[in-house]
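Just so it is clear: in the sequence shown, position 13 is 0 by this note's numbering, and no numbers are missing. Every residue gets a Cβ at the ideal spot worked out from N, C-alpha and C, and that includes glycine.
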Amino acid sequence: MSGQNKYDEHAQLVEKMAETLGVDLTEEMMAGNWTPEDMQATVSRCLGCTDPAHCKGWLGENTAGADETPGYCRNKDLLEAMRTRLVSA
């Protein structure tokens, strides 16, 4: 897999994980709460994951949504904090 394809795969995983938690990253960007640099840093952390297939499986099992990410998610704290902020707003 080329470097760009791998980056794109992980960018999709980040977006799907956020969506599963009820966080719309595009809306967050439009509101000024999320920047392209934030996305790049988040995808970079995701790129360090050793088992993206497991993540894809978890996402497939949680299509109706979830209150938290799996414990192994490298972006767990960030995404859950975003979710908490949105839920309490």
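Look at residue 45 here: in three-state DSSP terms it is helix. In the structure shown, residue -6 adopts helical secondary structure according to DSSP, grouped into three states. Ranked by how close their Cα comes to the Cα of residue 51, the residues 21, 61, 28, 5 have 5 in first place. Residue -7 and residue 74 have their C-alpha atoms roughly 32 angstroms apart. In the same chain as residue 10, and ignoring 5 residues on each side of it, the C-beta atoms closer than 8 angstroms to its own belong to 66, 69, 70, 73, in chain order. Around the beta carbon of residue 41, a 10 Å sphere encloses fewer than 16 other beta carbons of the protein chains shown; the residue is thus reported as exposed.
The residue from 0, 8, 2 with its alpha-carbon nearest to that of residue 53 is 8.
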